[in-house]
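The opening position of the sequence shown corresponds to residue 1 in UniProt numbering, with each subsequent residue numbered one higher.
Glycine included, each C-beta is placed from N, C-alpha and C at the ideal position.
Below: one structure, written as structure tokens.
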Amino acid sequence: MRIVRTVAELRAALAPERAAGRRVGFVPTMGALHEGHLSLVRAARAGSDVVVVSVFVNPTQFDDPGDLAAYPRTEEADVALAAGAGADLVFAPEAAELYPRGYATTVAVTGPLAETLEGAQRGRGHFDGVATVVTKLLLAVVPDAAWFGAKDAQQVVVVRRVVADLGIPTRVEVVATVREADGLAMSSRNARLGPADRPRALALSRALGAVRAAIEAGASAGAARAAGLAVLAAHGVEPEYLALVEPDTLDPLAPADAPDRRVLVLVAAHVGPVRLIDNVTVTPPAPTGAL
Ligand code: PAF
């Protein structure tokens, strides 16, 4: 396992691998690795010959300087965990390596993909920051495939758009959200949940469960959403959003819609000082038409 800090070192390390025809897999992260990230590294290991993990807390995707400052930085532990899960190379650049003096280019995804939900809450600069850093990382590594977590569902939609629109020759792979035993989606932010907030954080996964159950029972989108909102309220958690959308376009379902195909259900809420997000994809039951 090697750590490299510059794009030049990274390219030099990967050149012989590529020349030998080995498949390069890539997992971009902001560090503070947990089981969710490690599931991505293991999936990359299973699908590649060489696995690169990046550890970079990308300043351009944070709307809130306090959130950026509070973001955990645990590089030594990250490197050990990445190696244990099968990484061959960790790319851990300084900010100036990716954003040198005079840097002036942004990759901006326009329209609802980047402007709704997380984009509306965090400001449209959030997904510009994600799109820009992911593009830069993919250009640095040029992997055959890159692995992303389903927990950041909107990020996945945005990244797929960027990769398709810019013709980046990388396959985007998505790995299911890893959860704690009680259902809380794993996140680097969970470490900041205090003892009183940790049980309340279950509001998100439970609300999603209630929406899922309602859709599976044939409820309209509006009724299913109301079921989820009731669960959040019962935990004293005010959502930033709880939305039922079409999974590829993020188009919202109208309240009266009776879901008849896959629905992506997303929720975001502050629990104490910590902002959490979660989602599930629900497949409604097939209609039981009379023969
Ligand atoms: O999902 C993340 O951790 C980040 O948004 C990513 C993809 C590493 C870009 O900074």
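Not one heavy atom of the ligand PAF is found less than 6 Å from the C-beta of residue 186. Given a length threshold of 3 residues, each whole run of the beta strand (DSSP E) inside the region 23-54 is given here in chain order: 24-29. The criterion of a C-beta distance shorter than 7 Å is satisfied by residue 244 and residue 265. Short of 6 Å from the beta carbon of residue 141, and not among the five residues preceding or following it, lie these beta carbons of its own chain, in chain order: 26, 52. For residue 249, the distance from the CB to the nearest heavy atom of the ligand PAF is not below 6 Å. A residue is called buried when at least 16 other Cβ atoms come within 10 angstroms of its Cβ; residue 65 does not meet this threshold and is exposed. Under the three-pair Cβ rule at 8 Å, the region 160-168 does not count as touching the region 59-73.
Annotation: residue 239 is outside any alpha helix (DSSP H); the continuous beta strand (DSSP E) that includes it extends over 239-245. Inter-residue distance for residue 109 and residue 115 is about 9 Å (C-alpha atoms, whole angstroms). The continuous stretches of beta strand (DSSP E) do not include residue 235, and DSSP gives it neither H nor E. Secondary structure of residue 116 (DSSP, three-state): coil.
Of 247, 29, 278, 3, the smallest CA-CA separation from residue 232 is found for 278.
In the DSSP assignment, residue 278 falls within the unbroken beta strand (DSSP E) covering 274-282. Close CB contacts of residue 43 within its chain, under the 7 Å cut and outside five residues either way in sequence, are with 147, 173, 175 (chain order). Under the three-state reduction of DSSP output, residue 228 falls in the helix class.
Cβ atoms of residue 81 and residue 113 stay farther apart than 8 Å, at about 32 Å. Taking 7 Å as the cut-off, the beta carbon of residue 149 is found no closer than this to the beta carbon of residue 78. The beta carbon of residue 127 sits closer than 6 Å to the beta carbons of 109, 114, 119, 158 from its chain, once the five residues preceding and following it are set aside; these are given in chain order. Short note on residue 133: C-beta closer than 6 Å to some heavy atom of the ligand PAF. The beta carbons of residue 178 and residue 39 sit closer together than 7 Å. A distance criterion of 6 Å places the beta-carbon of residue 267 beyond contact range of the ligand PAF, judged by its closest non-hydrogen atom. Within the model, the alpha-carbon separation for residue 71 versus residue 122 is close to 16 Å. When C-beta atoms of the region 214-225 are compared with those of the region 254-261, three or more pairs fall below 8 Å, so the two segments count as touching.
DSSP places residue 216 in the helix class (H, G or I) of the three-state scheme. CA-CA distance, residue 229 to residue 16, rounds to 54 Å.
Remark: the C-beta of residue 58 is in contact range of the ligand PAF, defined as less than 6 Å to any heavy atom. With fewer than 16 other beta carbons inside 10 angstroms of its own, residue 105 counts as exposed. For residue 51, the shortest C-beta to heavy atom distance toward the ligand PAF is 6 Å or greater. Counting only residues of its own chain and dropping the five nearest sequence neighbours on each side, residue 211 has a CB closer than 8 Å to the CB of 224, 225, 227, 228, 242, 244, 265, 280, 282. Comparing alpha-carbon positions, the option among 89, 62, 56, 60 lying closest to residue 75 turns out to be 56.
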